[in-house]
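Undergrad:
Numbering (the numbering used here), first residue to last: 93 to 484.
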C-alpha cells in the first residue's frame, strides 16, 4: 500500500529504524540529518552518525517541488529512478553512488552519501577545473548504451526492459520543457526581453524547427538504450583524488527512460556550453576556457573508445563493423540536436541554471545572446557540426 507521508528531519530517524536494511548501515541513536534538496522535484536528506557512517535518502513528492501542489506529479516516478540505478549498478557501478534500495510504499530511494564530493555545476560556476572526468562520463554513457541496448541485451529481454521502463510524466516534462516550449512559446518560458529578437529568429527558422522536431521524434520513438534523460553538470558529482586526478559520479536518474543514446551526450554538451559561455563572459584564463571547450570532444572520444572496446562482446552478431560506424554517426547527429535544445531551454525555458543566471545583468545578456546564436547554428545544420567544434 502506498504511504504518502512526507519525511522531514525529525522523522527520518524513525523511518531508518523501521527499515532493517538501512538501520544496518548507520546508527540511528546518534543520527544527524540535514535536508539538502535544491533541485526541482524532490526531498533529499543527508544522514551521518557518530562513527562517520553516511547515507542519503531521496523522497519523491506528489507534485513538482519548485512549483508546489499546483503542478501535481506522481511520486511513482521514484520507481523509474530505482530502475535506472539498478541498471547502472549492473553495467557501470563505479560511476554512480552505491544504491541501497527503494521503498515503493514511501517512494524513498537510499544510496551512498557522496561526502566530500561537489555538484559539478557548482564547481564550474566557481571557475574550477577537474581534469580527467571526461573518462568517467564517456565510459558511463558507453557502458549504459552497450549494456541496455541490443548490443548487450538480446531481443526479447530488451523489449521487456523497454516495456517496463515507462516513465510517462517525466518524459512528458522533457517533451514540453526541453523540446517544445522554448521553440513555440509558452507561459512557462522565462527570459529577458532583450533576448526577444534572437529568440524570434530561432522560432522563425524552419531548419532549426525541423531539427528540434527530429530530436523530439527520436526521444519519443527511438528506444535504443536506457538513458539518464537529464544528464547535465547538475547531475554529476566530482571529487579530486589524492593523486591529483579527478573522478565523477552520475546521479539524479529520475528522468531515465529508453531513448536515443545521443540524448545523454547532447544534454551534457548543451549544459557544458552554458559553463563555457559563463567562463568567456567572465574572461577566465584562456587555458581554462580552452580546456572547457575541449570537453565535448574528450567525452565523445572516451565514449567511442569504450564502446569500441566493448564491441567484440556484442550479443547481436548480425551487427557489422560498418553498422557500428554508421550508428555512431547517427548518435553524433542526435547529440548535436539535443545539445542545441538543451542550451536554448536553459536560457529561454522553465528551470534555469546558475551558470548564466548568477552573472551580472550585462554579462548575462552577452553570454545568453552568444550561446543562443551558437546553439541556433547547431540546430540549423547539425550535419555540418563536429563534436570537436561545438564550443570552438
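Positions of the beta carbon are idealized from the N, C-alpha and C atoms, including for glycine.
Who are residue 349's beta bridge partners in DSSP?
TA: Answer is 319, bridged to residue 349.
Undergrad: Residues in the same chain with beta-carbon distance under 6 Å from residue 477, minus the five sequence neighbours each way, listed in chain order, please.
TA: Answer for residue 477: 428, 470, listed in chain order.
Undergrad: From which residue to which residue does the beta strand (DSSP E) around residue 127 run?
TA: 124-127
Undergrad: Closest to residue 466 by CA distance: which of 434, 390, 305 is it?
TA: Considering only alpha carbons, the answer is 434.
Undergrad: Can you list the alpha helix (DSSP H) stretches of 4 or more residues lying completely in the region 256-326, in chain order?
TA: 260-265, 273-276, 288-296, 298-313
Undergrad: Thinking C-alpha only, which one of 253, 425, 330, 238 is nearest residue 399?
TA: 238
Undergrad: Within the 9 Å Cβ cut-off, does residue 134 reach chain D?
TA: Of the chains in the structure shown, none is chain D; there is only one protein chain.
Undergrad: Straight-line CA distance for residue 294 to residue 468?
TA: Rounded to whole angstroms, residue 294 to residue 468 spans 6 Å at the Cα level.
Undergrad: How would you write the range of the beta strand (DSSP E) that residue 458 sits in, first residue to last?
TA: Taken as a continuous stretch (DSSP letters only), residue 458 belongs to no beta strand (DSSP E), being part of the alpha helix (DSSP H) at 453-472.
Undergrad: Secondary structure at residue 222, three-state DSSP: helix, strand or coil?
TA: coil
Undergrad: Whose CA, out of 296, 254, 303, 250, lies closest to the CA of residue 271?
TA: 303
Undergrad: Give me the Cα-Cα distance between residue 256 and residue 180, rounded to the nearest whole angstrom.
TA: Taking the straight line joining both Cα atoms gives about 16 Å.
Undergrad: Between residue 141 and the rest of its own chain, which residues show a CB-CB distance below 6 Å, the 5 nearest in sequence each way excluded?
TA: 118, 119, 122, 123
Undergrad: Report the rounded CA-to-CA distance for residue 229 versus residue 318, giving the unit in angstroms.
TA: Straight-line measurement puts the Cα of residue 318 at about 15 Å from the Cα of residue 229.
Undergrad: What is the DSSP secondary structure of residue 442, reduced to helix, strand or coil?
TA: coil
Undergrad: The beta strand (DSSP E) spanning residue 481 covers which residue range?
TA: It is not in any beta strand (DSSP E) - residue 481 carries neither H nor E in the DSSP assignment.
Undergrad: Rank 145, 144, 254, 151 by C-alpha distance to the C-alpha of residue 103 and give the top, closest one.
TA: 151
Undergrad: So residue 153 and residue 98 are in contact, right, with Cβ under 8 Å, and what is the actual spacing, rounded?
TA: 7 Å
Undergrad: Closest to residue 129 by CA distance: which of 116, 143, 101 is it?
TA: 101
Undergrad: If I measure Cβ to Cβ from residue 407 and keep anything under 8 Å in the same chain, skipping five residues before and after, which residues do I get?
TA: 242, 243, 244, 245, 246
Undergrad: Which residues bound the beta strand (DSSP E) around residue 193?
TA: Following the DSSP letters along the chain, one finds residue 193 inside the beta strand (DSSP E) bounded by residues 191-195.
Undergrad: With which residues is residue 203 paired in a DSSP beta bridge?
TA: In the DSSP output, where bridge partners are listed per residue, residue 203 has 148, 191.
Undergrad: Quick one: what's residue 138 bridged to in DSSP?
TA: 126, 148
Undergrad: Do you know offhand how far residue 332's Cα is from residue 339's?
TA: 6 Å
Undergrad: Where residue 414 and residue 231 are concerned, what is the direct C-alpha to C-alpha distance, given to the nearest angstrom?
TA: 22 Å
Undergrad: Which of the three DSSP states is assigned to residue 161 in this structure?
TA: In the structure shown, the three-state DSSP call for residue 161 is strand.
Undergrad: So who's on the other strand from residue 328, going by DSSP bridges?
TA: 342
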